[in-house]
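Read through the structure below, which is laid out as structure tokens, and then see the notes.
Residue numbers (the numbering used here): 3 to 377.
Okay, structure coming up:
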């Protein structure tokens, strides 16, 4: 029997720059009045959140244009765009509650193709995914493990991971448990090889993963609600006669998410042949100060002693899959050494599962010399 050929080693990849687009429209906690629980800000640290008046594709385009302005990157060098949107309605829900045309518009792959068309990149690879708050981890894992070996990026070429979250369009603003949690945001991450001199890598991707795990009970679903309270851009209130909205089991998520992020960190470190003591920073999904604090306790029990970044959701809310790129932008100049970026998310609507992921990044000598800003 012929010997099976050895698998080709994965090409080295890293993050050269990140740009973030934040909506100008902001909604602070005062808008909710007595409908917001008194201890909401204390438990979550969230004081306000952005609301986007435009769709996810337009948001993603704004993030790319910002990246172009700040880095001078040429779209002629872009070989692929991985588009991530946690605010798209999953097919199982869309097909049950929406007409066929509206359900088709909820497909992330179709949105990815619309985005590259608006950029004029007809031959650019385009893939769309959801994966909720783990979307960034999943996207980098796909780029690292599947795209890079096939694309063979040349010196100045790169791929973009574009995240656009607009959970405001599926929020019931009259629900005291969930109305204030999420904010809208978009980001664009330039991923390239260490050979790129035009856009030097600041953080090499050591490992990236995202996976599903079983849970004791479902923590997430969708429902059609009537007479749903909504904010308007003038700071007032209006009502939608009917709206498809999400619901969360907050207690279940508070229990699941910290354990999932700690488990994903341990798994990623093990896959990379590293240990908890090797970590210098942990930049987790900013779901809220309480969940990150509990994540820190779980990580501490595993022997992680690196600095834990927390408190970045105060003016944004939980921005879902944009959370890690936004956190990296905010902490970019001071990050050094090995950085873990764990994420956790709800699973498919109505199913007892949890998503967990982690990206391990290593600051390059270029970053150590010239940390600068993200983009």
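Where is the CB? At the ideal position from N, CA and C, for every residue including glycine.
Cβ-Cβ separation, residue 205 to residue 319 (assumed contact under 8 Å), whole Å: Actually they are not in contact, since the Cβ atoms of residue 319 and residue 205 sit about 25 Å apart, beyond 8 Å.
Member of 373, 324 and 294 whose CA lies at the smallest distance from the CA of residue 186: 324
Stretch-stretch touch, CB-based, cutoff 8 Å, three pairs: the stretch 55 to 66 with the stretch 110 to 125: yes
From 175, 189 and 195, residue whose alpha carbon lies closest to that of residue 68: Nearest of 175, 189 and 195 to residue 68, Cα basis: 189.
Element boundaries [alpha helix (DSSP H), containing residue 93]: 93 to 99
Straight-line gap, residue 99 to residue 91 (C-alpha atoms, nearest Å): 10 Å
Secondary structure of residue 179, DSSP reduced to three states: coil
Cα-Cα separation, residue 109 to residue 310: 35 Å
Option nearest residue 316 by Cα separation, candidates 139, 359 and 328: 328
Rounded separation between residue 8 and residue 274 - CA only: Here the model assigns residue 8 a pLDDT of 49, short of 50, so the residue's position is not dependable, and the following value carries that caveat. When rounded, the distance between both Cα atoms is 19 Å.
Candidates 48, 29 and 104, of which the one nearest residue 235 by Cα: Nearest Cα to residue 235 within the set 48, 29 and 104: 29.
Three-state secondary structure assigned by DSSP to residue 9: For residue 9, the pLDDT reaches just 49, beneath the cut-off of 50, and the residue's location in the model is therefore unreliable, although a value from the coordinates is still provided. Residue state, collapsed to three classes: coil.
Under the three-state DSSP convention, the category residue 38 falls into: coil
Continuous alpha helix (DSSP H) stretch holding residue 300: start and end: 291 to 304
Distance cut-off 7 Å: residue 187 Cβ against heavy atoms of the ligand HEM: In terms of ligand content, the structure shown is empty, and the ligand HEM therefore cannot be addressed.
Residue environment, residue 16, which counts as buried when at least 16 other CB atoms sit within 10 Å: buried
Whole-angstrom distance between residue 146 and residue 85, CA atom to CA atom: 15 Å
7 Å Cβ shell around residue 202 - same chain, five flanking residues per side excluded: 18 and 368
Proximity winner among 149, 267, 288 and 212, relative to residue 195 (alpha-carbon distances): Of the candidates 149, 267, 288 and 212, the one whose C-alpha sits nearest the C-alpha of residue 195 is 149.
Contacting residues, own chain, Cβ-Cβ under 6 Å from residue 373 (five flanking each side not counted): Here the set comprises 335.
C-alpha distance - residue 168 paired with residue 24, whole-angstrom precision: Between residue 168 and residue 24, the C-alpha separation is close to 11 Å.
Selected residue, minimal CA-CA separation from residue 75, among 173, 160 and 279: 160
Cβ pair residue 178, residue 231 closer than 8 Å: no
Completely contained beta strand (DSSP E) runs for the stretch 220 to 257, where each covers 3 or more residues: 222 to 233 and 239 to 250
Sequence-distant residues of its chain with Cβ nearer than 7 Å to residue 220 (five each side left out): 352, 353 and 354
Reference residue 83; option with closest CA among 172, 153, 103 and 47: Answer by Cα proximity: 153.
Burial state of residue 375 (16 or more Cβ within 10 Å): exposed
C-alpha gap between residue 277 and residue 134, whole angstroms: 28 Å
Which of helix, strand or coil DSSP assigns to residue 331: helix
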